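All remarks here apply to the structure that follows.
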Amino acid sequence: METQHTFSLIYTRKPGILIRVALVLERRGYTIESMNTSPYDSNPDYWEMMLTIEGDPAKLEQVTRQLAKLIDVFAVQVLKEVYC
Numbered sequence: 001m002e003t004q005h006t007f008s009l010i011y012t013r014k015p016g017i018l019i020r021v022a023l024v025l026e027r028r029g030y031t032i033e034s035m036n037t038s039p040y041d042s043n044p045d046y047w048e049m050m051l052t053i054e055g056d057p058a059k060l061e062q063v064t065r066q067l068a069k070l071i072d073v074f075a076v077q078v079l080k081e082v083y084c
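Heads up, the sequence shown is in UniProt numbering, so the first residue is 1 and it goes up one at a time.
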């Protein structure tokens with residue numbers, strides 16, 4: 001069964017971060033349903049990316065670990081799971 005997951009990523013604002021995130025998700029068979037980025041708190045060097053993705057819930061922990069290992073990503077948090 002496919003599941004929608006909402007992630008929050010805190011990262012350094014540098015070119016190329018979006019493609020690295022998209023490649024991790026693509027390799028694991030996830031589809032990005034929606035994405036939003038905004039400045040994180042008052043520091044203009046850090047940004048927050050909110051992702052809603054759809055995919056296999058069995059791979060969720062592995063995807064979370066791989067996103068956290070990306071260069072320039074400081075924190076990854078799963079906010080919500082919705083079963084479709």
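Cβ atoms here follow ideal geometry from the backbone N, Cα and C, with glycine treated the same way. Computed from a predicted structure; not experimentally measured.
Buried or exposed by the 16-neighbour rule on C-beta atoms within 10 Å, applied to residue i
i: N78; result: The identity of residue 78 in the sequence shown is Val, whereas the question assumes Asn. Its Cβ having fewer than 16 others within 10 Å, V78 is exposed.
i: C84; result: Bear in mind that the predicted position of C84 carries a pLDDT of just 47, short of 50, making it unreliable; the figure below should be weighed with that in mind. Flag for C84 reads exposed.
i: I71; result: exposed
i: I17; result: buried
i: G55; result: buried
i: F74; result: exposed
i: I19; result: exposed
Extent of the continuous beta strand (DSSP E) run through residue i
i: E33; result: 31-40
i: E48; result: 43-55
i: I17; result: Here I17 belongs to no beta strand (DSSP E); instead the alpha helix (DSSP H) covers 17-27.
i: L9; result: 3-12
Candidates the options: closest to residue i by CA position
i: P39; options: L9, R65, V63, E33; result: L9
i: K69; options: Q4, K14, H5, V24; result: V24
i: T31; options: T64, V76, Q62, Q4; result: Q4
Alpha helix (DSSP H) segment containing residue i, residue limits
i: A58; result: No alpha helix (DSSP H) contains A58, which DSSP labels as neither H nor E.
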